[in-house]
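Each remark here refers to the structure printed beneath this line.
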Amino acid sequence: MGQALQEARSALEQGEFPVGCVLVAGGEIIARGHRTNSARNHCNEIDHAEMVTLRTLIREQPARDWSRVTVYSTMEPCLMCYATMLLSGIRTFVWAYEDAMGGGTNLPLTELNPLYAEMEVTLIERIYRRESLQLFQEFFSTYSYWQDSLLSRYTLAQPLED
Numbered sequence: 006m007g008q009a010l011q012e013a014r015s016a017l018e019q020g021e022f023p024v025g026c027v028l029v030a031g032g033e034i035i036a037r038g039h040r041t042n043s044a045r046n047h048c049n050e051i052d053h054a055e056m057v058t059l060r061t062l063i064r065e066q067p068a069r070d071w072s073r074v075t076v077y078s079t080m081e082p083c084l085m086c087y088a089t090m091l092l093s094g095i096r097t098f099v100w101a102y103e104d105a106m107g108g109g110t111n112l113p114l115t116e117l118n119p120l121y122a123e124m125e126v127t128l129i130e131r132i133y134r135r136e137s138l139q140l141f142q143e144f145f146s147t148y149s150y151w152q153d154s155l156l157s158r159y160t161l162a163q164p165l166e167d
C-alpha cells in the first residue's frame, strides 16, 4: 500500500484526485498508476487509477494470470473499476480509504447473475487509511473536483485518527 500512496501523492502534486493503485503478483509490483484527467479542461471519469493501471498491465503483460493479482488502491474502487477488475479475473482487493459516495465493493455479488454470483472475492479495507485520508483532505481543501459532493463533505469531516 505504501507504493499506492506514492502514486496518490504524485497525482496530488499534479493537481489530480489522489488515488494511486498498484497491482501485485507473487509479492512483486507488476503495474502501477494514479488518477489522471480529473483536474484539467478535459476532465473525464474513465482515467481512474485502477483503469490506468489495468491498461498498463494489459499492454505490458497481456498473458498474465489475473487470478493471482492483488489490487492495492488508496481509495475503495468505484463500481466501474471494481466490475472491470472482477471481469478481468482479479479477486483480491485492498484499499485505504472508503468511498462513501461511490464505492463499488458493497455490490451484492451473490444476488446478481451467475457470472458475478459465483465469484469468491477477498476485500481488505482501511490499510493506511489515515495517510490516504490526509491526501484526500488536502485535495478537497485545495481543488474543485467533486467539491461540495457527499464524498468531499464526508472526507473533510473525518478526524485524523492514529
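Everything in the sequence shown is counted per my numbering, starting at 6 for the first residue and increasing by one. Yeah, the Cβ is synthetic: ideal placement off N, Cα and C, and Gly gets one too.
Tell me whether residue i sits in a helix, a strand or coil according to DSSP, three-state version.
i: residue 89; result: helix
i: residue 72; result: helix
i: residue 33; result: strand
Starting from residue i, trace the alpha helix (DSSP H) both ways and give me its first and last residue.
i: residue 56; result: 54 to 65
i: residue 122; result: 119 to 122
i: residue 135; result: 134 to 147
i: residue 160; result: 155 to 162
Thinking C-beta only, is residue j closer than 7 Å to residue i?
i: residue 83; j: residue 54; result: no
i: residue 105; j: residue 159; result: yes
i: residue 9; j: residue 78; result: yes
i: residue 24; j: residue 80; result: yes
i: residue 1; j: residue 74; result: Nothing can be reported for residue 1: it is not among the residues displayed for the chain, which extend from 6 to 167.
Starting from residue i, trace the beta strand (DSSP E) in both directions and tell me its first and last residue.
i: residue 221; result: There is simply no residue 221 to check, as the chain begins at 6 and stops at 167 in what is shown.
i: residue 97; result: 97 to 102
Identify the residues that DSSP records as bridge partners of residue i: which are they?
i: residue 110; result: According to DSSP, residue 110 bridges with nothing at all.
i: residue 129; result: 99
i: residue 77; result: 27, 99
i: residue 38; result: 26
i: residue 48; result: Note: residue 48 sits in no beta bridge, so no partner.
Just tell me which of the options has its CA closest to the CA of residue i.
i: residue 13; options: 165, 138, 164, 150; result: 138
i: residue 132; options: 48, 15, 76; result: 76
i: residue 69; options: 35, 16, 39; result: 35
Nearer than 6 Å: is that true of the beta carbon of residue i relative to any heavy atom of the ligand FMN?
i: residue 29; result: As far as ligands go, the structure on display features none, and thus does not contain the ligand FMN.
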